[in-house]
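Heads up: the sequence lines are chains R and P, in that order. Taking the working numbering, the leading residue of the first sequence gets 1, the next gets one more, and so forth. Taking the working numbering, the leading residue of the second sequence gets 1001, the next gets one more, and so forth. What follows is a single structure, written as structure tokens, with notes after it.
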Amino acid sequence: MTETTQTQEAIPVRNQWWDVWDQFKTHRGAVIGGAFLIFITLFVLLGPYLWQVDAQKLDIRNKDMRPFYVGLISDVKWSWSRPLGTDHLGRDIMANLIQGGQISMAVGWTAMILSLFLGTLIGVLAGFFKRLDGILMRFTDLVLSLPLLPILLVMMLLFRDPLRAAFGPETGIFILIVSGIGITSWMHTARIVRGDILAIKEREFVLAARSIGTPPRRMITRHLLPNVMSPIMVSATLGLASAIITESALSFLGLGFPSDFPTWGKILFDSVDRMASFPERVIWPGLCISLTVLSVNYIGDGLRDALDPRIRGL
Amino acid sequence: MLTYTIRRLILAVPTLLFIALVIFLLLELAPGDPMAEMPLTIPPEVKEKMREALGLGQPWYIRFYLWLYQFFVVEPQYWIDGLFGTNFADGAQRIISFQSRSPVFNTIAERIPQTLWVVGMSYVVGVIIALPIGIISAVRQYSWFDNFGTFISMVGFSVPTFFTGVLLIVIFSVNLGWFPSIYDTTLKVEDWPSFVKQLKQMAMPVFVLALYNAAQISRFMRASMLDNLGQDYVRTARAKGMTEKVVVLKHVLRNSLIPVVTVIALGVPQVFGGAIITEQVFKVNGLGQLLIIAIHGNDVPMVMTLTFIFAVLIVVFNLIADILYGVLDPRIRYD
């Protein structure tokens, strides 16, 4: 007994998040994914300062330029000032990728935060208040049996014009897409959170907190929410990945942002008709979407392992 | 089990009614007017008559009731009439598309074969490649095969289908010229060359969807196999002196398939939804493309009917998955 207390004293006190970080570091895919996500985020955030070409500037004389790697091996129109080429209106593809990335990432993050907020709210309410449980979970089941992609498409079509009129073309569509994705993707988070809350509610520390008269609001924020952080973080990564994919799918189906407002999915969609002669216009935005989503999914995988105390101890 | 099934079937009715109501009310908000395309020279009173002819004059709850009646009573009657040559329907009003002015179900019936061929085939192919990959990955956990399989399935569900599709078109139909990039629906399979042609045009869409499905199912298969491989009955079987082949393929596989089968059943409606994008990429004129065209054309009856059919698929396959789980696993008893 004395031995164990001595060894315990010898180990310096550590925040548990350091343990999580140590475990996370051992997952090679997650580390590479994290590095790529940081890289692509910096690319779209700092890109406009380093690459000062106006993405929307039309330059008909320099239209249809090929990227440098094609120009170096064959005799086509290309230039170092447009390293990834230009589109059929002479707009620089690199600048468009940077600007499109900003919007795609912004949509992804905001939609993910909205869906997490809704999911956590409904999950906590259903798990904590017994009276709300039945009705909220039935509602979740109902939403889960809606065909979400068709409904999302219909929503895009119906509310596009009113929101555009109310908030301007860009903000209106942004609000529409973010709220559309947010309110069609909270259900899994809600189910997971509710399940965990139900389990935690039976533990002794909750009983102790209740016995000293903690009101429900503080019970949730102080005792329950910190304990369901791990599943929420894992579903945050999944939510970010699926939000980016859904946004680009909507743009790809022609129901996303207007075409003078590029996102990765929109650039890809606009270039599909001429992909036989200009494959790079499809491949670069596609690669951006795919690699971002892949790295986010790997981070999620690593986080799940790192946050699981059964694995972390090993 | 029977009472459970009956209870679930009865519960499915209000669920479907609620879903129909949600879709109907959402479409009711549509600012788009089917009369917007009409010439401006038509006098207003004629326009009003045309609206009434389209059934737009009444309040929404009457139209909702009429739509339900047409969907659940009139259309099945026409269907039975078509099958047996009877005359139940007796010329009753069917659900009419705003765009083509023909019954919605006729158009849907024309589109279903293409979707079923491409989507159904891709799901079957996906399951067939996913199961062995999942089994081998679990048996040789952390081997190079397992790591490679993990990577491929990560890629499979990270890369959106519209990018895989476009990439395949660039490589195989633009650069190599092996497969056509557009699905030709008029092609009739009569002899060997046309059969080969059909196979060729199906190859890429099926591959794209199959990769996506296989990625998810193989993960489930692997996880389920790993769960079972650690169980006591596996040790007992090995201790009895059974060969590894018998242990894995007879004992473990059968038990691991139980959750996987339900996952496969649950995935079917999602595949139909996901096929909307793939059909758009390869220009397959199936149900997904029909939905997109109808949405762009403000064709409310068509959108309503198609979306509701997707919803019915989801509810039905949820039910099938739950019942299958109870049938396959004797430990699960709902009653």
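Don't be surprised by glycine CBs; every beta carbon is placed ideally from N, CA and C.
Member of the options whose CA lies at the smallest distance from the CA of residue i
i, options, result
"D92 of chain R", "R:Q56, R:A106, R:S115", "R:Q56"
"H88 of chain R", "R:F278, R:L121, R:G256", "R:F278"
"K1250 of chain P", "P:V1046, P:L1027, P:R1238", "P:R1238"
"P1103 of chain P", "P:Y1325, P:T1305, P:D1329", "P:T1305"
"V1252 of chain P", "P:L1226, P:G1267, P:T1262", "P:L1226"
"L121 of chain R", "R:R14, R:G239, R:I220", "R:I220"
"L1209 of chain P", "P:I1096, P:G1273, P:I1295, P:V1013", "P:G1273"
"P285 of chain R", "R:F174, R:Q99, R:F117", "R:Q99"
"T189 of chain R", "R:V228, R:P169, R:R217", "R:V228"
"Q1289 of chain P", "P:R1331, P:I1276, P:L1167, P:D1232", "P:I1276"
"I151 of chain R", "P:I1309, P:P1043, P:V1316, P:L1176", "P:I1309"
"N1175 of chain P", "R:V282, R:M233, R:L72, R:A276", "R:A276"
"G1149 of chain P", "P:A1130, P:V1159, P:G1165, P:T1164", "P:A1130"
"I197 of chain R", "R:L225, R:T171, R:S74", "R:L225"
"I1128 of chain P", "P:S1218, P:V1189, P:R1331", "P:S1218"
Residue i - containing alpha helix (DSSP H), residue span
i, result
"F261 of chain R", "No alpha helix (DSSP H) contains F261 of chain R, which DSSP labels as neither H nor E."
"S295 of chain R", "280-307"
"P1113 of chain P", "1104-1115"
"T1015 of chain P", "1002-1028"
"F316 of chain R", "Past the edges of chain R, shown from 1 to 314, lies residue 316 of chain R, and the structure says nothing about it."
"E1190 of chain P", "No alpha helix (DSSP H) contains E1190 of chain P, which DSSP labels as neither H nor E."
"W1060 of chain P", "1060-1069"
"Q1270 of chain P", "1253-1282"
"D1322 of chain P", "1300-1328"
"D1232 of chain P", "1232-1239"
"F205 of chain R", "204-211"
"T1150 of chain P", "1144-1158"
"Q1141 of chain P", "Q1141 of chain P -> no alpha helix (DSSP H), and no H or E assigned at all."
"I245 of chain R", "229-252"
"V1170 of chain P", "Run containing V1170 of chain P: none; DSSP gives neither H nor E here."
"L1083 of chain P", "1075-1084"
"A1294 of chain P", "1287-1296"
Close beta carbons around residue i, own chain, < 6 Å, minus the five adjacent residues each side
i, result
"A1393 of chain P", "Any property of residue 1393 of chain P remains undetermined from this structure, which presents chain P solely from 1001 to 1335."
"N297 of chain R", "A241"
"I40 of chain R", "T292"
"A243 of chain R", "G108, A111, M112, I181"
"I1010 of chain P", "none"
"S1181 of chain P", "I1169, S1173"
"M137 of chain R", "A126"
"S295 of chain R", "G33, F36, L37"
"I1314 of chain P", "P1269"
"S248 of chain R", "W264, G265, I289"
Under 8 Å by beta carbon: chain P residues contacting residue i
i, result
"V76 of chain R", "Correct list: empty, because the minimum Cβ distance to chain P is about 16 Å."
"L268 of chain R", "F1162, F1163, V1166"
"F261 of chain R", "Here the premise fails: no neighbours, minimum Cβ distance about 19 Å."
"L253 of chain R", "I1276, I1277, Q1280, I1292"
Nonlocal neighbours in the same chain, by C-beta distance under 8 Å from residue i, ignoring five residues either side
i, result
"L1187 of chain P", "S1194, K1197, Q1198, Q1201"
"I245 of chain R", "I289, V293"
"D1329 of chain P", "I1258"
"Q1280 of chain P", "F1162, G1288, Q1289, I1292"
Residues near residue i in its chain [Cβ-Cβ closer than 7 Å; skip 5 each side]
i, result
"L1068 of chain P", "A1020"
"V1284 of chain P", "Q1114, V1118, Y1183, P1205"
"V76 of chain R", "R66, V70"
"L1027 of chain P", "V1300, V1303, M1304"
"P1014 of chain P", "none"
"T4 of chain R", "The pLDDT assigned to T4 of chain R is 49, lower than 50, so where the model puts this residue is not dependable; a value taken from the coordinates is nonetheless given after this. If we look at T4 of chain R and ignore the five residues flanking it on each side, it has no Cβ neighbours."
Amino acids of chain R, ordered along the chain, whose beta-carbon sits closer than 7 Å to that of residue i
i, result
"F1018 of chain P", "L142"
"A1311 of chain P", "S145, L146, P147"
"L1029 of chain P", "L158"
"I1295 of chain P", "L153, V154, L157"
Partners in chain R for residue i, counting only beta-carbon separations shorter than 9 Å
i, result
"I1320 of chain P", "The contacting residues do not exist; I1320 of chain P stays about 13 Å from chain R at best."
"V1315 of chain P", "S145"
"G1273 of chain P", "P147, L148, L149, P150"
"Q1289 of chain P", "Those do not exist, as Q1289 of chain P stays about 10 Å from chain R at its closest Cβ, beyond 9 Å."
Neighbour list for residue i in chain P, Cβ cutoff strictly below 7 Å
i, result
"I289 of chain R", "P1160, F1163"
"L276 of chain R", "According to the sequence provided, residue 276 of chain R is Ala. The question's Leu does not apply to it. Ordered by position in chain P, the residues that pass the 7 Å Cβ test against A276 of chain R are V1174."
Per-residue contacts from residue i into chain P (C-beta, under 9 Å)
i, result
"G286 of chain R", "V1159, P1160, F1162, F1163, T1164, V1166, L1167"
"I220 of chain R", "By Cβ distance, chain P contributes nothing, its closest Cβ being about 30 Å from I220 of chain R, past 9 Å."
Closer than 8 Å at the beta carbon, the chain R residues around residue i
i, result
"L1026 of chain P", "I151, V154, M155, L158"
"V1303 of chain P", "P150, V154"
"M1154 of chain P", "G29, L294, N297, Y298, D301"
"T1307 of chain P", "P147, P150, I151, V154"
Test: residue i CB closer than 8 Å to a CB of chain C
i, result
"N297 of chain R", "Here chain C cannot be found, since the structure's protein chains are R and P."
Please give me, in chain order, every unbroken run of the alpha helix (DSSP H) with length at least 4 that falls completely inside the segment 24-72 of chain R.
28-50
What are the start and end residues of each continuous alpha helix (DSSP H) run of 4 or more residues lying completely inside the segment 139-198 of chain R, in chain order?
148-167, 169-183
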